[in-house]
Structures are given as C-alpha cells and as structure tokens.
Amino acid sequence: MAQSDAGDSRPAVAITGMGVVSAYGCDAGRFYRGLLDNRQVIEAVALPRDPEGRSAWWSMVRDFDPGAWMEPRVIDGTDVLAQWTIAAAAQALRQSGLQPDPLRTAVVQGTSMSGVQSLMRAQHEIDRHGPAAFPRKTMMKALSNMGAAQITMLHGLHGPSLTISTACASSIDAIGIATGLIASGRADTAIVGGTEAGHSLISGAADAEFIPAMVYAPAMFGMQSPSADPRRACMPFDAGRSGIVTSEGSAAFVLERADLAAQRGAAVFGYVRGYGSIADAFHPSAPEPSGRWEAQAMRLALEDAGLAADEVDALYAHATGTPVGDTPEIRAINSVYGGRSTPLAVTSIKGHFGHAAAASGGLSLVAALLAMAEDRVVHTANTSRPDPEIAFDVVLGKPRDMPVGVVGINAFGFGGQNSALLVSRAPPGRHATTRLA
Numbered sequence: 012m013a014q015s016d017a018g019d020s021r022p023a024v025a026i027t028g029m030g031v032v033s034a035y036g037c038d039a040g041r042f043y044r045g046l047l048d049n050r051q052v053i054e055a056v057a058l059p060r061d062p063e064g065r066s067a068w069w070s071m072v073r074d075f076d077p078g079a080w081m082e083p084r085v086i087d088g089t090d091v092l093a094q095w096t097i098a099a100a101a102q103a104l105r106q107s108g109l110q111p112d113p114l115r116t117a118v119v120q121g122t123s124m125s126g127v128q129s130l131m132r133a134q135h136e137i138d139r140h141g142p143a144a145f146p147r148k149t150m151m152k153a154l155s156n157m158g159a160a161q162i163t164m165l166h167g168l169h170g171p172s173l174t175i176s177t178a179c180a181s182s183i184d185a186i187g188i189a190t191g192l193i194a195s196g197r198a199d200t201a202i203v204g205g206t207e208a209g210h211s212l213i214s215g216a217a218d219a220e221f222i223p224a225m226v227y228a229p230a231m232f233g234m235q236s237p238s239a240d241p242r243r244a245c246m247p248f249d250a251g252r253s254g255i256v257t258s259e260g261s262a263a264f265v266l267e268r269a270d271l272a273a274q275r276g277a278a279v280f281g282y283v284r285g286y287g288s289i290a291d292a293f294h295p296s297a298p299e300p301s302g303r304w305e306a307q308a309m310r311l312a313l314e315d316a317g318l319a320a321d322e323v324d325a326l327y328a329h330a331t332g333t334p335v336g337d338t339p340e341i342r343a344i345n346s347v348y349g350g351r352s353t354p355l356a357v358t359s360i361k362g363h364f365g366h367a368a369a370a371s372g373g374l375s376l377v378a379a380l381l382a383m384a385e386d387r388v389v390h391t392a393n394t395s396r397p398d399p400e401i402a403f404d405v406v407l408g409k410p411r412d413m414p415v416g417v418v419g420i421n422a423f424g425f426g427g428q429n430s431a432l433l434v435s436r437a438p439p440g441r442h443a444t445t446r447l448a
C-alpha cells in the first residue's frame, strides 16, 4: 500500500504532525523526554475486595484536561477514549498546520476496547442505585467509532471515517490503511492513530471502590510480573522477563501526500514507506511459537517499501516482556534481519511505561520519529540480560546516538494480528542526508 522507490507511481506519504496522550504527559515532546529520561511512571494499585490482597502493575494518564481540547458539550457526550482521541488528533493537526480539505481528508483510528469506561461506570451505578441511575448517554459514549466520528464532526470532514479494531496492532493498521487510501487516490490527507483507555481511573476517580475491570486481568491470570520492583515489572527481551505492565494512552498523526505537504512548506517528520499485515491463525492469545507469521509481516513491509533488510537502521519491537510473547518475536527478527552485515539495533519502549494496547504501535512510532530526527534510538528500559536466543543488537542502558534513516515498528495483537510498518527520514528514492524535522 505504501510508496516505494523510483518506478512506483504511487504518491509518497509524509507524516507532518503528531499528538500524544500518555502517562508521560499530553504532548509528543513530553512523552519523548519521559522516554529519554526513563522517568518512573509504573506503579502498583491495590485491587479492592481481593481476598489475596493482590496489586496490579500499571501506568496511567494523570494530567489530561479535556477542557483544553474540547467544549463542555463534547466532554459531556464522550467517553475518555474519544476525548483522548480528539485531543491527540487536535495536537497533530495543530503541529502540522494543515487546513484539511473536507472532501479529501480521511479519518482512520484504532482501538481494541471501545468506550468500556462508560459501560463499566454505568453498570457500577446500576448496581449501586438501580436502573434509574443508568446514564442517558452511555450507549453513544460506548461506541468504538466515536473517536473517529467526533474528529469528523469537530472539523467538518466528509472523507472516509474508519475505526480499526485489531487489538494491539490497531494503530499501526490504522496508519497502514490510511496510507493506502492516500496512495490509491481516495484521499489526500488523513488523521490517523490509536487509543486505549479501558484501564484509566479518570471517569471513576471519585469512587475508590471503582477499579476498571481490565486492570484486574493481568494480576488475576498470571500475565504480570511477580516482582515487587517497578523497575523489574516489565523487561522486554530480558532473559528473566516475567510479565507485562498495563498502560493506556493515545497517539495521532497527520498523513499527507508528500507533494502537497511540500507545496505548503510543511515540516516533515518522516515518510511511510512500507506496511505489512498477516494473521497467525493459531490461538486467541498466544502467538505462533516459531514467529513465522510475525516474520512474514516484516517481510511484507520490506517488500512494500522496496527496501532490503540491510537498509533498515533500527526496529522498535512489540516486545511486551512476557516469555510467551517475546520469544516468537525474537525468532522472527532473527529470521528477517539475521543475515545483515551488522546486527540490527532493536528496542522496545514498553519497559518505560507499559503496554498501551491499541495505542502502543502509534506511541512507538512517535518515539521512533522524534529519535530519528536526532539520529538516535530510544533504549530498552529495565533490560540488562538479553535473551540468549537473540541475534540482534538490543539497545540497552541509555539512548544510543547513531545514524538513523529508516526505522521499523512492530505491533502484534491477540487473535494473531501481526503488523509491521517502515518509515524513513527521506522520501522514497533519496537518502537521508539531512534532517527533515
């Protein structure tokens, strides 16, 4: 779907704006600085009424002010999921300086859990006070497409409006699909991204007994680390890795036909070069152990981009820090990039703040683009002893300064969703000799 080098008539697709809602803050710059500084945001939250007294590891968004991004009537009618989507998209549009064409702008957003905060809060109120307490706007708030729909309504956009739900691959799939809309001529620009808000306490903060159900799952079913140290709660690719940390957030981007972005003098953070998506068809929650389908997603992205494995400088892996999840990805990366003349630099940002599900791929892309602009790769936090099966170069300890012109992003999800994206600093057919953002 994405553009490749000379001889391909598809238009190049530029990324001209980014927006973020995260545990590190509510803009892309604060998020990136939090990663570089390895600021601690992972915490343990006690689970009410648990007879075993368990806690859940998570990191949550704490400083989001919806009033900074939308009117009271919009706040009143939306779940926090849609609010974060609106805010991240508004940041991306503001940064890009784009005045979107109402008929030529697509909106493609990803989420895996929809507006579950509103549904859980409604059930909580009914259980406490009876059916009359059912909040009137719950059904509209709970719909998974309301983030994308609100963006179209707030900006008067009539192009394709799509909501993608492919679990933790959702935001990368949204970017890949939107790139295809631009490349095929169905749109000139797109507002894309992904959001996850099923774990936040925002909508129930006044009630200490209200803990969103999704917070319980990792603690109750053995998905999280038994460690009592937040610095060891999530250790991607580490030989001693033992579980995930639940997180949340939103990432949004403005995509444009590169020629139109150049005409208006827009700053460009990077170019979407290749996209691949393929299914495991193996198990609802466990990836296929050999990693063959994750590897195929990466190969499809390389083929789409017209790039060889040696031309990729760094990879932001999915790597959630679980034994069953990281091992297939290790094998997949070894398979695709193992024949290089120099080992591929690989990182995962989930050790910093956890796994933001549908938003995770988009947040990795924000980190990759901002680091690429500085010839840098963000490090893999908390990891000290890479798995002995690894045949690539895990970026450890601190961010690494190195030439970066092409970066890959992996995003894999429950249900066997495997997606890979490639972005570059320079447009197709050119080498990254100067920074574009």
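Using our numbering, you'd call the opening residue of the sequence shown number 12 and step up by one each time. Each residue gets a CB set at the ideal place from its N, CA and C atoms; glycine is no exception. Computed from a predicted structure; not experimentally measured.
Reference residue i; option with closest CA among the options
i	options	result
V418	G440, L355, G362, F403	L355
G205	S20, V434, V406, M29	M29
R436	A269, A306, S359, F42	A269
V203	A402, A369, P22	A369
S20	S195, T333, D199	S195
G64	D240, Y227, L376	Y227
Q106	A297, G40, E385, M309	G40
A379	A278, Y282, T163, A198	Y282
L154	S176, P241, G276	S176
V72	L109, D38, D199	D38
G233	T96, P241, S66	S66
E314	R132, D74, L433	L433
Chain B contact for residue i (CB, 7 Å cutoff)
i	result
S176	This model lacks chain B altogether; it includes just one protein chain.
Same chain, Cβ closer than 6 Å to residue i, five either side skipped, listed in chain order
i	result
P77	I86, Q94
Y43	L381
R396	D249, A250
A103	G28, M29, G30, A263, F264, V265
G349	A402
K148	G88
Expected contact under 8 Å - CB spacing of residue i and residue j to nearest Å
i	j	result
I255	P229	6 Å
V52	Y35	6 Å
C179	K361	Actually they are not in contact, since the Cβ atoms of C179 and K361 sit about 10 Å apart, beyond 8 Å.
G453	S258	Look at the range of the chain in this structure, 12 to 448, and you will see that residue 453 is not part of it.
A98	W69	In fact, because the Cβ distance is near 21 Å, the residues do not count as touching under 8 Å.
A25	A272	4 Å
G260	S33	4 Å
L318	G285	7 Å
P339	S301	7 Å
A185	P439	With 8 Å as the limit, A185 and P439 do not qualify as a contact, their Cβ atoms being about 21 Å apart.
A422	S182	7 Å
Own chain residues within Cβ distance below 7 Å of residue i, not counting five before or after
i	result
R243	S236, N393
E167	The amino acid at residue 167 is misidentified as Glu; the sequence shows Gly. So the list reads P113, once near-sequence residues are dropped.
V388	A325, A356, T358, A382, V406, P410, R411, M413, V415
A189	A117, V119, A201, V203, L266
T89	K152, M157, Q161
F293	E299, G427
Beta-ladder partner(s) of residue i, from DSSP
i	result
F423	N429
F264	M29, V203
E54	W69
H366	T257
G121	I175, G205
I289	N429
Other residues of its chain near residue i: CB distance less than 8 Å, five sequence neighbours each side excluded
i	result
E136	A144, F145, P146
D337	P247, F248, R252, A330, T331, D398
R310	G287, V347
A217	Residue placement at A217 is poorly supported in this model, since its pLDDT is 41, which falls under 50; the coordinates still yield a value, given next. Correct list: empty, nothing qualifies.
P334	R252, S253
The stretch 315 to 324 contacting the stretch 403 to 420, beta-carbon criterion three pairs below 8 Å: yes
Inter-stretch contact (C-beta, 8 Å, three-pair minimum) for the stretch 301 to 318 and the stretch 423 to 439: yes
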